[in-house]
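Letter by letter, the sequence shown follows residues -25 to -1, 1 to 301 in mature numbering (1 follows the signal peptide of the UniProt record, and there is no 0). By construction, the Cβ of each residue, glycine as well, lies at the ideal position given by its N, Cα and C atoms.
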Amino acid sequence: MPDHPTRRGLLIATVGLGLAAPALADQTPGWPSQNLRLVVPFTPGGSNDAFARPVAEALQTALGRPVVVDNRPGAAGSIGAGFVAAAPPDGHTLLLASSSFATSSTIRRTPFDALESFDAIQRLCTAPMVVVTKPNSPFRTMDQLVAQARAEPRTLLYGMAGLGGIGHFAMESFNLASRLQMEAIPYSGIAPAQADLVSGRIDFLMTTLASVRGLVEANTVPVIAVSTAARVPDMPQVPTIRESTGIDYEVEVWWGILAPRGVPAAVQQRLNAEIARAVQAPSYLRFLEAEGARPAPLDLPGFRDALRTDVLRWRRVAADARITVN
């Protein structure tokens, strides 16, 4: 399960990392020696792009070198990730990764290994997933939805934005934990899934809060549960899935920065510290709040362990649920 450091612990860790950044500059003479590239393995304008650009700007200011955001979409992020994995491990090429990096890489043939081909540099933030139901749904709580799924298996339809992403795996994990059978309807993205939810063609979605915030704030669709271990401060009235159903289940999505395996340790430390400072900038904190996320930087071993835990979890889910992508 995801790690849940305390708010105070995160603050102490971040302050320590931030203070260390100037001193670490003395340990990386000659670096950076060229412009940096932050690869976003999705199209411009999406949520992943939005998470990356403020970090690139902050690194550019801190390092005194341009940091170019390079969008390389395709194959559920594998094209961009493969480009970074094959880049020289000198700290000049970075990858914006997320929970969907951990899930999609478990079921697709890729030129890289999610754990062995990268150095885990820094986690940016984490966010809950939310369960939203169609307008006028008879299910006002998650336990009501679960009761219906038990009474009439395969009658409930849920949407997912693409095969192999975190939304797909999160629901497969829930089906395994609950021993329920519900029908998945895959979409090419979140927008068509939202449209079918609003029109009542599907019963519910499990997705990030940011992707449905507009619908929620307009009272178009209700949020009946959150996926995290604890309730979300923005929505204290909404129970967790575990709290509502008694099912041992939690999912927390994340975004972070990776680099090709083999970046010098001092460069890794400096990048880790500078990015920790970036995610604590007031403007980035405001952005995260709007996205329903929270800053969650870790030290190098902490992020490495968190990434390994996440990838191994989704590999087990893929095997147990027999997830394949044709």
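Original post:
Do you know how far the Cα of V14 is from the Cα of N247?
Top reply: 17 Å
**OP:** Alpha carbon to alpha carbon, how far is I54 from S202? Give it in angstroms, no decimals.
**Re:** Rounded to the nearest angstrom, the two C-alpha atoms are 29 Å apart.
Original post:
Taking just the CA atoms, how far does V43 sit from T183?
Top reply: 27 Å
**OP:** Report the option in G39, A95, F76, N46 whose CA atom is closest to the CA atom of P239.
**Re:** A95
Original post:
Does the region 208 to 217 come close enough to the region 251 to 260 that 3 or more CB-CB pairs lie under 8 Å?
Top reply: no
**OP:** Report the residue from A145, D24, T3 whose alpha carbon sits nearest the alpha carbon of D45.
**Re:** Answer by Cα proximity: D24.
Original post:
Does the Cβ-Cβ distance between residue 308 and V228 come in under 9 Å?
Top reply: Shown here, the chain extends from -25 to 301; a query on residue 308 therefore has no answer.
**OP:** Give the DSSP-derived three-state secondary structure of R98 in the structure shown.
**Re:** strand
Subject >> Beta bridge counterpart(s) of M135 as assigned by DSSP >> reply: Under the DSSP definition of a beta bridge, M135 partners with P161.
Original post:
With respect to the alpha helix (DSSP H) encompassing G231, which residues constitute its N-terminal and C-terminal limits?
Top reply: Run containing G231: none in the alpha helix (DSSP H); it sits in the beta strand (DSSP E), 227 to 235.
**OP:** Tell whether a beta-carbon distance below 9 Å holds between L90 and V300.
**Re:** no
**OP:** Would you decide whether S8 is buried or exposed? Buried here means 16 or more other CB atoms lie within 10 Å of its CB.
**Re:** exposed
Original post:
With distances taken between CB atoms, is the gap from Q35 to A251 smaller than 9 Å?
Top reply: Contact: no.
Subject >> R(-18) burial status per 10 Å Cβ neighbour count (16 or more: buried) >> reply: Only weak support exists for where R(-18) lies, its pLDDT of 41 falling under 50; the coordinates are left without a value.
Original post:
Roughly how many whole angstroms lie between the Cα atoms of G221 and G137?
Top reply: 28 Å
Subject >> Start-to-end residues for the beta strand (DSSP E) that takes in S148 >> reply: From DSSP, S148 is part of no beta strand (DSSP E) but of the alpha helix (DSSP H) over 141 to 153.
Subject >> Candidates R269, P161, Q243, of which the one nearest Q2 by Cα >> reply: Q243
Original post:
P110 to R176, Cα distance in whole Å?
Top reply: 11 Å
Original post:
On the three-pair Cβ rule with 8 Å, is the region 69 to 76 touching the region 129 to 148?
Top reply: yes
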